[in-house]
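*Asks:*
2 protein chains.
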Amino acid sequence: MKILIDGMGGDYAPEEIVKGAIKAAKEIDEKILIIGRESQIKLYLDKYKYRGKNIEIVNASEVITNDEHPAMAIKRKKDSSIVKGMNMLKEGEADVFISAGSTGALLSGALLLLGRIKGIKRPAIAAWFPKIGQNDQTLLLDCGANADCKPEYLYQFGMMGSIFVHCIKGIDKPVVKLLNVGAEDAKGDELHKTAFDMLRDSKANFCGNIEGRDIVFGGADVVVADGFSGNVFLKSSEGVALCLMDMIKSKLTEGVAAKAGAVLAYGKLKDIKSEFDYADAGGAPILGVKGAVLKIHGNSKEKEVYWAIKKAIPYVQKDVTGMIAQAIMDDEINQESAEEIIRNEM
Amino acid sequence: MKILIDGMGGDYAPEEIVKGAIKAAKEIDEKILIIGRESQIKLYLDKYKYRGKNIEIVNASEVITNDEHPAMAIKRKKDSSIVKGMNMLKEGEADVFISAGSTGALLSGALLLLGRIKGIKRPAIAAWFPKIGQNDQTLLLDCGANADCKPEYLYQFGMMGSIFVHCIKGIDKPVVKLLNVGAEDAKGDELHKTAFDMLRDSKANFCGNIEGRDIVFGGADVVVADGFSGNVFLKSSEGVALCLMDMIKSKLTEGVAAKAGAVLAYGKLKDIKSEFDYADAGGAPILGVKGAVLKIHGNSKEKEVYWAIKKAIPYVQKDVTGMIAQAIMDDEINQESAEEIIRNEM
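The listed protein sequences correspond, in order, to chains A and B. FYI, my numbering numbers position 90 of the first sequence as 90, with every residue one higher than the one before it. Count along the second sequence from 1, add 1000, and you get the number used in my numbering.
1. Do A/ASN54 and A/ILE32 come within 8 Å of each other at the CB atom, strictly closer than that value?
2. Please report whether the beta-carbon of B/ASN1231 lies at a distance below 8 Å from any beta-carbon of chain A.
3. Please report the Cβ distance between A/GLY283 and A/LYS301, rounded to the nearest whole angstrom; I am assuming they are in contact, meaning their Cβ atoms lie under 8 Å.
4. Under a three-way DSSP split, which group does B/THR1103 fall into?
5. So what does DSSP say about B/ALA1220, is it helix, strand or coil?
6. Starting from the Cα of B/GLU1015, find the closest Cα among B/ARG1116, B/GLU1030, B/ILE1035 and B/ASP1029 and give me that residue.
7. Under 8 Å between the Cβ atoms of A/GLY158 and A/PHE206?
8. Hey, does A/VAL240 have any beta-carbon neighbour from chain B nearer than 8 Å?
9. Quick test of your reading: A/LEU179 and A/ALA225, contact by CB under 8 Å. State the CB separation rounded to the nearest angstrom.
10. Contact criterion: CB-CB distance below 8 Å. Does B/SER1102 meet it with respect to chain A?
11. State the Cα-Cα distance for the pair B/LYS1193 and B/GLY1239, rounded to the nearest angstrom.
12. Given that A/PHE228 touches chain B, what residues does it touch there, using C-beta distances under 7 Å?
13. Assuming A/PRO14 is part of the beta strand (DSSP E), what are its boundary residues?
14. If you check the beta carbons only, do B/ALA1281 and B/GLN1137 fall under 8 Å apart?
15. Using the three-state DSSP reduction, which class does A/LYS137 fall into: helix, strand or coil?
16. Go through its chain and collect everything with a Cβ distance to B/ILE1163's Cβ below 7 Å, but skip five positions before and after it.
17. Would you say A/ARG213 lies against chain B (beta-carbon separation less than 8 Å)?
18. Please classify A/MET329 as buried or exposed, where buried requires at least 16 neighbouring CB atoms within 10 angstroms.
19. Does the pairing of the region 1285-1296 of chain B with the region 1058-1074 of chain B give three or more beta-carbon distances under 8 Å?
20. According to DSSP, simplified to helix, strand and coil, what is A/PRO314?
21. For the beta strand (DSSP E) that B/ASP1006 lies in, which residues bound it at each end?
22. In this structure, how does DSSP classify A/PRO123 when only helix, strand and coil are distinguished?
23. DSSP three-state label for B/GLY1109, please.
24. Among A/ASP201, A/ILE117, A/ILE313 and A/LEU294, which has the Cα closest to the Cα of A/ALA100?
25. Could you work out which residues of chain B lie near A/ILE132, taking near to mean beta carbons separated by less than 8 Å?
26. On a Cα-Cα basis, can you pick out the residue from B/LYS1026, B/VAL1316, B/GLN1040 and B/ASP1029 that is closest to B/ALA1013?
27. Run through the DSSP bridge pairs and tell me what A/LYS31 is partnered with.
28. Entirely within the region 1154-1209 of chain B and at least 3 residues each: give me those beta strand (DSSP E) ranges in chain order.
29. Using a Cβ distance threshold of 8 Å, determine whether the region 1188-1203 of chain B contacts the region 1242-1249 of chain B, with at least three qualifying pairs required.
30. In chain order, what residues of the same chain lie with their CB nearer than 8 Å to the CB of A/VAL165, ignoring the 5 residues before and after it?
31. Please name the residues in the region 1134-1153 of chain B whose beta-carbon is closer than 9 Å to at least one beta-carbon of chain A, in chain order.
32. For the region 270-305 of chain A, list the beta strand (DSSP E) runs that are entirely contained and at least 3 residues long, ordered along the chain.
33. Listed from N- to C-terminal order along the chain, which residues in the region 1282-1304 of chain B have their beta-carbon within a distance smaller than 7 Å of any beta-carbon of chain A?
34. Which chain A residues sit within Cβ distance under 7 Å of B/VAL1216?
35. Please report the straight-line C-alpha distance between A/PRO130 and A/ALA241, rounded to a whole angstrom.
36. Got a sec: is the Cβ-Cβ distance from B/ASP1172 to anything in chain A below 8 Å?
Here it is, written out as structure tokens:
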């Protein structure tokens, strides 16, 4: 197996990418390919005294930044780590591609260079969200690839998310829920009402609607959302969490008595922060494209890179992409035969 | 002025409603009418030894609960505090109606019994959201009255929210922003792209898009949202905030050393909680209906009721409802004359 990682993506590239790769390389037999500017990557492999044999560098001279127009950058920067990485994935020169780079560019690259799985209407960007107190995470999709959604997209997101979580986490029948404005059935706008009916009739273990406030408390392994409200959900939660943690930190270190208290309470606050640390979940996939693409956060460091590489292995071994392709084919066949039955009965 | 308050709505009714009314009655000259089961309300007026003259009870024998189907309950329970209250507002027997009862029933009641302001496409439910560290709040609308929105609804929400905040908070030109998946122009789905263009051309002080994560840090006086994502935003933020505060509380009181720290740090944590206490913002309006209806949270206590009554006064005095009606009329005239000009030019 060849695990390809983008050496140029993210706030701490290439140093932390290289560190994470070295850490993973010590534990796994798979080949790790770091793609990016060879000299820079080599510098850090030397700095951290890498002497092993399962890390290789693939040179790519260009870098796509977060400020660039994603589709434009993909078309223009042929020698960028993302374009070259996607092409290697396509040609079978790598089995999975991990990147902390621009989400937009990764999505565009996956769409333009790998293409959609036959039958998949729209690919989805997934993200992990912590189930607090459970040392576990929920997979949320779509997080923003598709601002305008149709019910059938949401139906397919549920199916893809379910297969991914089943394969990566080994959960037999992941609990799939739909992000909605109420937990009761028949809630929401036309899009979500129709998606609800479709998901209920799907093969996924669909367990109804979930409200944004309940996701953090666990209760779903997969949360299906349209790209607009999925994105609003993620960013709102992030905003409130950041704001509260900042306030706690500043309040606890304000004044002498409080400072004394803070020293004592500080360890506990660290515990809280660690609840939000879900690096060990690994990367979040772009699902629905013809290849295994995993996105890690732009601020990923050694630990996140390490876990992304480790968790990429079951993604490839279980052939999630192939399973999705098969499921969608079966689904189409089912739909076709259902249509045939209806035709014959009329 | 007659301020009517629902004595039966909310988790702590009627006791806390009565307490809040008594507290307000000591400070204001306006007549306060408490509507609900007379004997129960009288019990608490006696318990808290109310001897003044500006609180009156209006008897209403029925109560609409949160579990009932809103429109159905409005049609059936003619002698409920909500139905009778709305009718009093309609007949001019009260100038504003405050309730901590079922949001759905209030919206249904307002729509069915008061009706929409001429020209308003859809009424909106607003909510206050804290601007952390600024002792101030943002008005968010719509929070869930309209799961399915059209761009013109969002345009009108911006106009109504702007007028309300201008009147209640005395801000000359409230900053209006649109909840979207990115802060840049031309973000989002078709709905939000079109709404953006309409808001930009409106009389409101429209300052572009805002992401969910930035609302808590201030930056907008009014945030316009479609009812679906507005609701997702509110509930997600609430979920994360509740979860974090719970964790902090439990972590800080876990273990002996931490406990000692907690005692010292406790006062500071109270400060944080108070940042989220925005009772003094008053009630949040249902905008776009022919009457002043203010909703307060279901868990409102004396303080929230007191502030809702106090802040109801400028709502009535400034005639927000009349101003919205006027603005929408001017808007229609403008649109008609624009259409006429176009016709004449062709």
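Note that CB positions come from ideal geometry on N, CA and C, so glycine has one too. Remember, predicted model here, so these are calculated numbers, not experimental data.
*Replies:* So, from the listed chains and residues:
1. If you number the first sequence from 1, residue 32 of chain A lands on position 32. If you number the first sequence from 1, residue 54 of chain A lands on position 54. Yes.
2. Working through the second sequence from its first residue, we reach residue 1231 of chain B at position 231. Yes, contact with chain A.
3. Here residue 283 of chain A corresponds to residue number 283 of the first sequence, with the count starting at 1. Here residue 301 of chain A corresponds to residue number 301 of the first sequence, with the count starting at 1. Contact doesn't hold; Cβ gap of about 14 Å is too wide.
4. Position 103 of the second sequence holds residue 1103 of chain B. In this structure, B/THR1103 counts as helix in the three-state DSSP scheme.
5. As a first step, residue 1220 of chain B must be located in the second sequence, where it is residue number 220. In this structure, B/ALA1220 counts as coil in the three-state DSSP scheme.
6. The residue you call residue 1015 of chain B lines up with position 15 of the second sequence. Checked all of B/ARG1116, B/GLU1030, B/ILE1035 and B/ASP1029; the closest Cα to B/GLU1015 is B/ILE1035.
7. Walking along the first sequence from the start, residue 158 of chain A turns up at place 158. Walking along the first sequence from the start, residue 206 of chain A turns up at place 206. In contact: A/GLY158 and A/PHE206 (Cβ atoms closer than 8 Å).
8. For this step, residue 240 of chain A is matched to residue 240 along the first sequence. Yes, A/VAL240 lies at the interface with chain B (some Cβ there is under 8 Å from its Cβ).
9. Start at 1 with the first residue of the first sequence, and residue 179 of chain A comes out as number 179. Start at 1 with the first residue of the first sequence, and residue 225 of chain A comes out as number 225. Going by Cβ atoms, the distance from A/LEU179 to A/ALA225 rounds to 4 Å, so yes, they are a contact pair.
10. Counting from one through the second sequence, the residue named residue 1102 of chain B turns up at place 102. Taking Cβ atoms only, chain A never reaches closer than 8 Å to B/SER1102, which makes this a no.
11. Locating residue 1193 of chain B in the second sequence gives position 193, where the first residue counts as 1. Locating residue 1239 of chain B in the second sequence gives position 239, where the first residue counts as 1. Each residue's alpha carbon lies about 29 Å from the other.
12. One-based indexing of the first sequence puts residue 228 of chain A at position 228. Per Cβ cutoff of 7 Å: VAL1181, GLY1188, ASP1189 and SER1229.
13. Indexing the first sequence from 1 puts residue 14 of chain A at position 14. Careful: A/PRO14 lies outside any beta strand (DSSP E) and carries neither H nor E.
14. As a working mapping, residue 1281 of chain B is identified with position 281 in the second sequence. As a working mapping, residue 1137 of chain B is identified with position 137 in the second sequence. Contact flag set, yes.
15. The residue labelled residue 137 of chain A in the question sits at position 137 within the first sequence. Here the sequence assigns Gln to residue 137 of chain A, which means Lys is not the residue at that position. In this structure, A/GLN137 counts as strand in the three-state DSSP scheme.
16. Numbered from 1 along the second sequence, position 163 holds the residue referred to as residue 1163 of chain B. Only VAL1320, MET1323, ILE1324 and ALA1327 meet the Cβ criterion.
17. Within the first sequence, numbered from 1, the residue matching residue 213 of chain A stands at position 213. Output row for A/ARG213: interface = yes.
18. Here residue 329 of chain A refers to the residue found at position 329 of the first sequence. Exposed, since its Cβ has fewer than 16 Cβ neighbours within 10 Å.
19. no
20. Taking the first sequence and counting its residues from 1, one reaches residue 314 of chain A at position 314. Three-state result, A/PRO314: helix.
21. In the second sequence, the residue the question calls residue 1006 of chain B occupies position 6. B/ASP1006 -> beta strand (DSSP E) spans 1002-1006.
22. For the purposes of this step, residue 123 of chain A is taken as residue 123 along the first sequence, with counting starting at 1. Coil at A/PRO123, not helix or strand.
23. Working through the second sequence from its first residue, we reach residue 1109 of chain B at position 109. Residue state, collapsed to three classes: helix.
24. Mapped onto the first sequence, residue 100 of chain A falls at position 100. With distances taken between Cα atoms, A/ALA100 lies closest to A/LEU294.
25. By one-based count along the first sequence, residue 132 of chain A stands at place 132. Near A/ILE132 (Cβ distances below 8 Å), the residues of chain B are CYS1243 and MET1247.
26. Residue numbering aside, residue 1013 of chain B sits at position 13 when the second sequence is read from its first letter. When only C-alpha atoms are compared, the closest one is B/GLN1040.
27. For the purposes of this step, residue 31 of chain A is taken as residue 31 along the first sequence, with counting starting at 1. BP columns for A/LYS31 point to A/LYS2.
28. 1175-1179
29. no
30. Mapped onto the first sequence, residue 165 of chain A falls at position 165. Within the same chain, A/VAL165 has close Cβ partners LEU139, ILE171, PRO174, ASP221 and VAL222.
31. GLY1144, ASN1146, ALA1147, ASP1148 and CYS1149
32. 284-287 and 293-295
33. none
34. Locating residue 1216 of chain B in the second sequence gives position 216, counting from the first residue. The answer, in chain order, is GLY239, VAL240 and CYS243.
35. Here residue 130 of chain A refers to the residue found at position 130 when the first sequence is read from its first residue. Here residue 241 of chain A refers to the residue found at position 241 when the first sequence is read from its first residue. Each residue's Cα considered, the two are about 12 Å apart.
36. Sequence index remark: in the second sequence, residue 1172 of chain B carries index 172 (1-based). It does not: the Cβ of B/ASP1172 has no partner Cβ on chain A nearer than 8 Å.
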